[in-house]
Amino acid sequence: MAKITVSKSAGFCFGVNRAVQMVYQALEEGKKVATLGPIIHNTDVVNDMIARGARIIDDVSELEPGEHVVIRSHGVGSRIYEEIAQRGNPVIDATCPFVSRIHKIAAEKTREGYFILIAGDENHPEVQGIVGHCDENSFVFKDQFVLKDYFDKNPQKKLAIISQTTYNNIIWGECLKVLPEDDPNIVVYDTICTATEQRQTDTAALAKKSDLMIVIGGRHSSNTVKLYDICSQYCRTYHIENADELDTLDLSNAEHIGITAGASTPAHIIKEVVTTMEEILNKDNNQEEEFDFAQAVDESFKKLHTGARVKGIVMSVNNSEVIVDLGAKQTGTVPASELTNDPSKKPADLVSVGDEIELIVTKVSDQDGMATLSKKRVDEQAGVEKVIEAKEQGTVLEAPVSAIVKGGVNVFYEGVRIFIPASQTGLPREASLDGLKGQTVKFIVIEAPERRKSAVGSIKAVNRQEKEAAKAKFWETAEIGKEYEGEVKSLTSYGAFVDLGGIDGMVHISELSWNRIKHPSQVVSVGDVLKVYIKNLDQENDRISLGYKKAEDNPWEKFKANYEVGDIVDAKIVSVTSFGAFAQIIDGIDGLIHISQLADRRVENVKDVVAVGDTVTVKITNIDMDSKRISLSMREAMDDADYEDEADED
Ligand code: SF4
28 MAKITVSKSA GFCFGVNRAV QMVYQALEEG KKVATLGPII HNTDVVNDMI
78 ARGARIIDDV SELEPGEHVV IRSHGVGSRI YEEIAQRGNP VIDATCPFVS
128 RIHKIAAEKT REGYFILIAG DENHPEVQGI VGHCDENSFV FKDQFVLKDY
178 FDKNPQKKLA IISQTTYNNI IWGECLKVLP EDDPNIVVYD TICTATEQRQ
228 TDTAALAKKS DLMIVIGGRH SSNTVKLYDI CSQYCRTYHI ENADELDTLD
278 LSNAEHIGIT AGASTPAHII KEVVTTMEEI LNKDNNQEEE FDFAQAVDES
328 FKKLHTGARV KGIVMSVNNS EVIVDLGAKQ TGTVPASELT NDPSKKPADL
378 VSVGDEIELI VTKVSDQDGM ATLSKKRVDE QAGVEKVIEA KEQGTVLEAP
428 VSAIVKGGVN VFYEGVRIFI PASQTGLPRE ASLDGLKGQT VKFIVIEAPE
478 RRKSAVGSIK AVNRQEKEAA KAKFWETAEI GKEYEGEVKS LTSYGAFVDL
528 GGIDGMVHIS ELSWNRIKHP SQVVSVGDVL KVYIKNLDQE NDRISLGYKK
578 AEDNPWEKFK ANYEVGDIVD AKIVSVTSFG AFAQIIDGID GLIHISQLAD
628 RRVENVKDVV AVGDTVTVKI TNIDMDSKRI SLSMREAMDD ADYEDEADED
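Residue 28 is where the sequence shown starts when you use my numbering, and the numbers rise one by one after that.
Laid out in structure tokens, this is it:
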């Protein structure tokens with residue numbers, strides 16, 4: 028019983044698929060559509076488009092006003108674009124990105140003074156389109172012999188060599204051998220499409236191990252004809268357009284039958300061919316076979332399943348989607364919204380043509396040969412695992428705040444959205460969160476992501492951890508007398524709190540000044556940096572008492588050094604009481620003038636003699652350093668003055 032194998036890269040390539048999708052989309056949107064030539068070499072698909080209202084035209088002169096003209100994947104020359112622009116018809120440009128790249132090279136090199144040599148079929152529309160970007164400055168060669176002939180007949184000049192995307196890569200290799208080695212005037216661009224190359228390589232490998240090859244595709248499809256040529260080198264080969272032609276073929280004497288298909292062949296036609304072959308071969312054998320064709324088909328097609336994880340090569344990137352080659356029958360598209368959750372990133376920021384990326388299949392359509400994929404889900408899966416691990420291990424993560432949202436802020440870590448509630452930002456209640464936007468923050472995960480819920484993070488918890496660590500470090504080295512430099516964080520009526528590097532100590536109001544003050548703000552402000560020292564420690568209650576006054580500033584020391592009992596000094600009345608008045612001798616040192624010492628007569632009321640602010644002459648009559656009390660006397664000062672006056676008169 029024959030074994031059927033379908034080449035893994037048989038069928039629609041992404042460029043053709045893209046063009047077909049663009050036409051169907053325009054028709055679905057109710058647009059009047061005319062394709063400039065058949066969109067693909069497949070009569071079934073073309074007839075279906077016509078049935079849905081599309082027209083096929085050969086020349087732009089056939090366009091009707093307002094009709095959308097579709098430029099097919101082969102592309103066209105610059106003159107055609109100009110003609111359409113003159114007519115004012117809207118363009119749906121389905122030129123394959125690989126072909127557009129060749130147009131760009133051709134135009135640029137022409138401008139740079141190169142002559143363009145194009146490997147390909149001069150009658151093929153793609154080649155004619157390329158020629159149309161060379162400003163009549165090109166020559167098309169079909170093989171190495173024509174190329175050699177060109178070199179023999181033409182004097183050397185600056186040459187740029189490119190190829191039709193569907194050019195045979197074996198002949199291309201032969202052509203390169205014809206070129207003079209290391210000639211700086213010759214630049215070569217390998218512009219054979221990888222889809223074509225892959226299809227040809229896979230087909231050759233399959234044909235080598237098959238007894239019979241069926242090549243499915245349009246009669247006029249050059250890439251299908253090339254597949255036929257390749258297969259014919261190895262085994263008996265038939266070229267068919269669809270399953271209807273199978274009846275006419277001789278499928279006998281073949282144990283291994285291979286199937287391949289050109290770039291314009293939809294997946295459902297390949298399937299139909301395989302199913303019909305199953306019926307024919309079953310009939311021919313007229314016997315019960317154990318071989319399961321359905322299974323053979325399944326095994327031969329590289330099938331994509333929704334939810335499967337696959338790798339793809341990026342083939343084109345634009346603002347709305349990324350096209351990937353999956354090595355499967357379906358062309359992969361990754362909508363921009365499925366690339367990342369981060370709205371600030373564009374597709375081009377994330378992937379480049381040629382990148383291999385991991386994806387998850389979210390939708391597969393065999394009918395239209397498309398697979399929709401998601402990159403962000405792969406990233407999310409990996410990210411989710413990391414976030415869950417970070418939560419379990421309490422790892423501190425870092426990420427910029429991407430958005431301020433209702434009730435908090437969002438950060439993205441490895442593609443995973445993490446919500447940080449306002450209460451976990453570490454900012455005071457009611458504080459604006461706007462300042463956090465764009466800032467890289469440290470956070471821990473306090474709730475792991477779940478199916479429909481994002482993860483929850485906390486900056487505050489990290490701040491707390493850091494504070495705890497700083498505290499532990501502080502207590503390891505803290506000792507009475509040790510000096511610190513710290514910023515005043517807050518003031519209360521009883522003192523100032525100073526940050527000692529993650530832990531606060533307090534300078535009591537009495538420690539802030541040698542003078543009597545009513546509030547710490549008379550001496551320090553929030554933000555001031557103070558030199559403090561530890562006066563007392565209470566680790567159990569996390570209390571640190573700080574000293575701030577310096578011994579050298581102690582006014583009692585200054586007083587002791589400069590004054591003694593018996594000295595006559597001028598002092599300023601600073602307060603008045605019923606029993607006397609306090610007078611300031613120097614800053615921070617007040618003495619008491621008892622009511623009995625205010626005058627040399629009986630005083631009934633202190634205020635009859637002195638008032639706050641008066642400067643009076645007093646005698647220091649007693650100094651009690653232990654109790655920090657100084658007694659003063661105006662009366663004795665007056666007596667001394669009288670005595671001195673009398674002595675002067677004598
Ligand atoms: S064969 Fe390659 S170049 Fe041609 S349309 Fe397909 S993807 Fe584009």
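Using N, Cα and C, we set each Cβ at its ideal position, and we do this for glycine too.
heavy atom of the ligand SF4 below 7 Å from residue i C-beta
i      : result
Ser190 : no
Val380 : no
Gly245 : no
Ser100 : yes
Phe172 : no
Thr193 : yes
Ala222 : yes
Gly64  : no
Asn69  : no
Val126 : yes
Phe470 : no
Gln288 : Contrary to the premise, residue 288 reads as Ala rather than Gln in this sequence. No, the beta carbon of Ala288 sits no closer than 7 Å to any heavy atom of the ligand SF4.
Phe41  : yes
Asn196 : no
Cys202 : no
Cys123 : yes
Asn345 : no
Asn490 : no
Asn250 : yes
Option in the options with minimal Cα separation from residue i
i      : options                           : result
Asp274 : Glu306, His247 and Thr287         : Glu306
Thr504 : Gly528, Ile447 and Asn490         : Gly528
Ile119 : Lys30, Glu163 and Ile66           : Ile66
Thr223 : Pro547, Ser392 and Asp352         : Asp352
Thr221 : Ile340, Leu186 and His283         : Ile340
Lys509 : Gly574, Ile83 and His535          : Gly574
Glu457 : Val301, Gly435 and Ala294         : Gly435
Thr302 : Val33, Glu412 and Phe609          : Val33
Glu89  : Phe172, Leu63, Arg106 and Met76   : Leu63
Glu153 : Asp170, Asp179, Pro124 and Glu268 : Pro124
Gly147 : Leu186, Asn196 and Pro182         : Asn196
Val438 : Gly513, Gly465 and Ser450         : Gly465
Residue i versus residue j - alpha carbon distance
i      : j      : result
Lys35  : Ala232 : 11 Å
Thr192 : Ala335 : 31 Å
Thr519 : Ile650 : 35 Å
Ile387 : Ser401 : 5 Å
Thr122 : Asp376 : 24 Å
Ala323 : Thr367 : Annotation note: pLDDT 45 at Ala323 (below 50); position unreliable, coordinate value reported separately. If I take the Cα positions, the gap works out to 37 Å.
Ser663 : Ile536 : For the sequence presented, residue 663 should be read as Glu rather than Ser. Distance between the alpha carbons of Glu663 and Ile536: 37 Å.
Pro476 : Ile415 : 7 Å
Gly410 : Phe524 : 42 Å
Ala294 : Gln227 : 18 Å
Asp238 : Ser259 : 11 Å
Val344 : His247 : 30 Å
Thr333 : Ile219 : 31 Å
Asn581 : Leu424 : 51 Å
Ile267 : Asp210 : 44 Å
Leu454 : Gly359 : 46 Å
Gly593 : Phe606 : 22 Å
Met304 : Tyr255 : 19 Å
With a floor of 3 residues, list each beta strand (DSSP E) that falls wholly inside the region 584-628, ordered by position along the chain.
Given a length threshold of 3 residues, each whole run of the beta strand (DSSP E) inside the region 584-628 is given here in chain order: 595-604, 607-613 and 616-621.
With a cut-off of 8 Å, do at least 3 Cβ pairs link the region 416-429 to the region 497-507? Touching, no.
Exercise for review: At 3 residues or longer, and completely inside the region 106-194: list those beta strand (DSSP E) runs for me, N to C.
Suggested key: DSSP runs (the beta strand (DSSP E)) wholly in the region 106-194: 118-120, 142-146, 165-168 and 186-190.
Checklist entry - What alpha helix (DSSP H) runs, 4 residues minimum, are completely inside the region 506-590? => result The qualifying runs are 536-539 and 582-589.
Query raised in the report: Does the region 610-623 come within contact of the region 647-659, defined as at least 3 CB pairs closer than 8 Å?
Result: Result yes; three or more Cβ-Cβ pairs closer than 8 Å.
Quick one: which unbroken alpha helix (DSSP H) runs of 4-plus residues sit fully inside the region 193-267? Chain order, please. As far as the region 193-267 is concerned, its whole alpha helix (DSSP H) runs of at least 4 residues are 196-205, 221-235 and 249-259.
Practice item. Count the C-beta pairs between the region 91-111 and the region 123-140 that are closer than 8 Å, then say yes if the count reaches three, no if not. Key: Judged by Cβ distances under 8 Å, the region 91-111 makes contact with the region 123-140, as three or more pairs qualify.
*asked:* Please give the ranges of any beta strand (DSSP E) in the region 355-433, keeping only runs that are unbroken, at least 3 residues long and fully inside the region.
replied: Whole beta strand (DSSP E) segments, 3+ residues: 358-362, 383-392, 397-401 and 424-432.
Next on the checklist: Check whether the region 60-78 and the region 137-146 are in contact - that is, three or more C-beta pairs closer than 8 Å.
Outcome noted: Taking 8 Å as the limit for Cβ pairs, the verdict is that the region 137-146 does not touch the region 60-78.
Check: Looking at C-beta atoms only, is the number of pairs between the region 204-223 and the region 111-118 that lie closer than 8 Å three or more?
Finding: Counting Cβ pairs under 8 Å, fewer than three are found: no touch.
Would you check if the region 605-612 and the region 554-561 touch, i.e. whether three or more CB-CB distances between them fall below 8 Å? Contact check between the region 554-561 and the region 605-612: fewer than three CB pairs, one atom from each, fall below 8 Å, which does not count as touching.
task: Would you list, in sequence order, the uninterrupted alpha helix (DSSP H) runs of no fewer than 4 residues that lie entirely inside the region 36-93?
output: Counting only runs of 4 or more, we get 41-55 and 70-78.
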